[in-house]
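The structure appears right after this line, and notes come after that.
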Amino acid sequence: MSILLSEEFTFIVQGITGREAVNLTRECLDYGSRVVGGVTPGRKGREVHGVPVFDTVQQVADAVGYVPNGSVVTVPPAFTKDAVFEAIEAGIELIVIVTERIPRRDVAEMVELAGMRGARIIGPNCLGLIVPEVCKMGGIGGPAKDAAKAYAPGAIGVMSRSGGMTTEISSTLTAAGLGQSTAVSIGGDAIIGSTYAELMPLFEADEQTEAIVIYTEPGGRMEAQLAEWVKDNRSRLPIVAFMAGRFMDSEEMKGMSFGHAGTIVEGAEDTATEKIARLEGAGIPVVERIDEIPDAVKEKIGVTA
Amino acid sequence: MRFYEYESRRIVERAGIPVTRYGFCTTAEAAREVAAEIGGPVVIKSQVLTGGRMKAGGVKFADTPEEAAEHAAAILDLAINGHAPRGVLVDPKAEVAQEYYASVIWDGTVKRPMMLFSDMGGIDIEEVAASHPDHVGRGHLSNLLPVSDFHAKQVIARTGVTGSELTRATPILARLARLMRDCDMTLAEINPLARLDDGSFVALDAHMEMENEAKPRQKELLEELGIEAQDTREPYEPSDFERNVKAIDAADHRGVIQGKDHGFSGNLGLVIGAGGGSLTLTDAVRSQGGKPANYTEIGGNPSVAKACGLAKEVLRKDGVEKIAVMMSIVSNTRVDIVARGVIKACLELGRDPAETIAVFRIPGAWEEEGEKILRRYGVEYCDRSVSMWDAAGRAVAKIQEGT
Amino acid sequence: MSAPPTGGEQLTGVFIGIEVDQTVADDAALAGRLAEVCPVDIFAADGEAGALRIVEENLDECVLCELCLDAAPDGAVVIKKLYDGSELRRG
């Protein structure tokens, strides 16, 4: 098993004729994902790597005879909200938003509508998610042969605010003999569709998953929310965290922002130091090096190295 | 993007929230005229984008226009926390019966705007929340439904405020909430919101911050306020390095590069990426005793010219002895393209790539081709079997050896 | 025509060389095709009578996509990787 994706999972790509979307579509198809249609307004009748292009999401559903399970949205920021609303109203249940630099208000509106319709959003500003050897939804891991190098099936759930670090961490786990059940690039913005704590119940319910690894950064309350969730729900899953951006706590870096939009520190609570304390207070070890993750996981799940 | 107080006041005013009859001045003479027009005691406030004005002497009271001009002259010359004031605000000294606090901010966990109100205004709201939690009212707003006055009323009523105070404060908080949403603010705050002796409410100070991502669609408001596109309101003056990197990035749409060196002053130049990778690698260098000269981010598959331009800027920085070229595993950015760019940068500056590049650790897309290029120029290539930590450690060791 | 010559022993900051058969270079239609397919503008069809010109400053931006090899007759265009001496060609 896994979370969110399966072998039968079908999805579309909105904005499929864009340069990055064309690559992403190729990569997903090569990995074995079922990309059943694409949408770019005004481009109906074209094909992208054999995937038929339509003007509307509804047209894709009509053509294939069912509502696809998911959509990867990669359209410019000014048009993203409309595209996501279209997907939600068409009945799509899992939406991955790749686009960066979307104003928070738009993201919040999309997330609220998704909640009303029972849909889930991953992102924005993310690379999507992957179930090794089963399905890749988004640019995560890159071309199929590169994704195959980094990701292997296994028992670890990975969640990361950085798309690139999702692959770096998974590759490190794979090299140490620890495969992944599902790896999710959750997005680097201040407001995202699915936080660690919001994905935890899915991993919790997934029999394949035995431990969780998260990549975190300064900024926001997402880690505090996870710490609270773990305490309140007495999770069966051990978690290992990696915290990047510790240098941002130093005096000379005050008020500066680095990396993702979400790393801007807006209060004393969202510094690296404070987050580490909170996570450790909830029994989540925070390692300093990526290459320490596999041993920390093995110790937690009782596998001897 | 943070607004000056005089701009923030204009923003709340145009949203229908009463303000006092203030004037923004850039000379002492103008301050005298405004004070004379107001015709009574006034307060002169420095217009700077930093806190602690009062303590630093950036806020002064005057009884006459002459005194106002004197204070204005002094305040205009006074830098606060390294920020020169943009001007002064001359405001009538209001007869305040009570001060309140009103704000609307994003609650990232709930993913909705949150209204905050307190009947203990004029002081730090976090202090009030800690010492008098029953004096702070909170309430979330829907992102999809319009803001109704009753939402604001509920929040205010939670603090125990009632009577005409409640009915008069309600539309103000509701308007603040609408303006926060309509203008894409990340913070919309009035502190203090004052009730005057006649029972009316006015905003005595306001603090607005707009989300940078929303600036394109808020052009009309920004133009109305006379804010130019290049006025980015960074918390500090950008360095030559930062300006040059920005220009290189803007000149070519292929890929994205960023560079910062504010707060860095080491000898190891960093040519690193992407978002999360750069944070991880900067930590790894510092934790192993290295002194980064800068911070960079490479992403989105830049051209050779862009990678070269970035590496050259890093190499040209004072005190940079070697560069470390490192990224987390790449899937879009190409190893061979970055390799070409950094080698070209070394050669164009007359430096030997083998000596100058302390470490090159970028695994991923086109790594076989990248390795061939590096080998040709005598640069050792590190693939994914070398961890990010170890790659950073090698770079630090090389620079400490002084080879 | 060819540009630029291989670096020999001297290490230069030039990584890619392109050789184009003279008959192709003089064919305006083919030159136009090459200019169109190259994503990094290494080819320009603005020589005499629409003849091919190689834009030297863009050579190093070559992404090895091989679209130019497919657009020209077999063997007419050769991409040289100056850093390892190997060549990409059709036919």
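Chains as they are written, first to last, in this note's numbering: chain V, 1 to 305; chain P, 1001 to 1403; chain G, 2001 to 2091. Backbone N, C-alpha and C fix where the C-beta goes; we use that ideal spot for every residue, glycine too. If you're wondering where the values come from, they're calculated on a predicted model, not measured in any experiment.
DSSP places V:Pro294 in the helix class (H, G or I) of the three-state scheme.
By the 16-neighbour rule on beta-carbons within 10 angstroms, P:Tyr1236 is exposed.
For G:Thr2012, the closest Cβ of chain P is nearer than 8 Å. For P:Ala1102, DSSP records a beta bridge to P:Phe1117 and P:Ile1190.
Around P:Ser1303, the beta-carbon contacts reaching into chain G at under 7 Å are Glu2061. The contact set of P:Leu1078 on chain G, defined by CB atoms closer than 8 Å, is empty, because the minimum CB distance reaches about 51 Å.
Within chain G, the residues Gly2013, Val2014, Phe2015 and Asp2060 have their CB atoms less than 9 Å from the CB of P:Lys1344, given in chain order. Contact annotation, V:Pro132 with V:Gln180: C-beta distance approximately 6 Å; criterion of less than 8 Å satisfied. It is roughly 35 Å from the alpha-carbon of V:Thr195 to the alpha-carbon of P:Tyr1100. In this chain, the beta strand (DSSP E) harbouring P:Phe1061 covers Val1059 to Ala1062. Closest in alpha carbon position to V:Arg104, among P:Leu1049, P:Thr1109 and P:Leu1116, is P:Thr1109. For the region 1373 to 1389 of chain P, residues whose beta-carbon sits nearer than 7 Å to a beta-carbon of chain G comprise Ile1373, Arg1376 and Tyr1377. Along the region 67 to 145 of chain V, the beta strand (DSSP E) occurs as fully enclosed runs of 3 or more residues at 70 to 73, 94 to 97, 120 to 122, 128 to 131 and 135 to 137, listed in sequence order. Sequence-ordered contacts of the region 1312 to 1324 of chain P with chain G are nonexistent [C-beta pairs closer than 9 Å]. Residues of chain V whose Cβ lies closer than 8 Å to the Cβ of P:Val1330 are, in chain order, Gly142 and Gly164.
CA-to-CA, the gap between P:Arg1053 and P:His1083 works out to about 11 Å.
Contact annotation: in the region 110 to 133 of chain V, residues whose CB is within less than 7 Å of a CB in chain P are Val111, Glu112 and Leu113. For P:His1071, the enclosing alpha helix (DSSP H) stretches over residues Pro1065 to Leu1076. With its beta carbon less than 8 Å from one in chain P, G:Asp2084 belongs to the interface. Cβ-Cβ distances below 8 Å link V:Thr182 to Ser2, Ile3, Leu4, Leu5, Leu129, Ile130, Val131, Gly157, Val158, Phe203, Asp206 and Thr209 in the same chain, with the five nearest sequence neighbours on each side left out; the list follows chain order. Contact with chain P is absent for V:Gln58, since none of that chain's Cβ atoms lies less than 8 Å from the residue's Cβ.
Secondary structure within the region 1323 to 1395 of chain P: the beta strand (DSSP E) runs of 3 or more consecutive residues, fully enclosed, are 1357 to 1361 (chain order). When C-beta atoms of the region 1255 to 1265 of chain P are compared with those of the region 1305 to 1318 of chain P, three or more pairs fall below 8 Å, so the two segments count as touching.
For G:Leu2067, the three-state secondary structure derived from DSSP is helix. At least 8 Å separates the CB of V:Thr209 from every CB of chain P.
A residue is called buried when at least 16 other Cβ atoms come within 10 angstroms of its Cβ; P:Phe1024 meets this threshold and is buried. Distance check between V:Ile239 and each of V:Phe247, V:Glu252, V:Glu223 and V:Asp249 places V:Glu223 closest, using alpha-carbon atoms only.
Less than 8 Å separates the beta-carbon of P:Ala1274 from that of P:Met1327. Within the region 1274 to 1295 of chain P, the residues whose Cβ lies closer than 8 Å to any Cβ of chain V are, in chain order, Ala1274, Gly1275, Gly1276, Gly1277, Ser1278, Leu1279, Thr1280, Thr1282, Asp1283, Ala1284, Arg1286, Ser1287 and Tyr1295. Apart from sequence neighbours up to five positions away, the residues of its chain that approach G:Cys2038 with a beta-carbon distance below 7 Å are Leu2067 and Cys2068, ordered along the chain. Put simply, the backbone Cα of P:Asn1267 is about 26 Å away from that of P:Val1330.
Take the alpha-carbon of V:Leu113 and the one of P:Ala1229: they are about 33 Å apart. Secondary structure note for P:Ala1177: its alpha helix (DSSP H) is the uninterrupted segment Gly1163 to Asp1182. At a cut-off of 8 Å between beta carbons, P:His1262 contacts chain V.
Its chain contains Met1327 and Ser1328 as the residues whose beta carbon lies nearer than 6 Å to that of P:Gly1277, once the 5 sequence neighbours on both sides are disregarded; these appear in chain order. Contact between P:Val1090 and P:Tyr1022 is confirmed by a C-beta separation of about 7 Å, below the 8 Å threshold.
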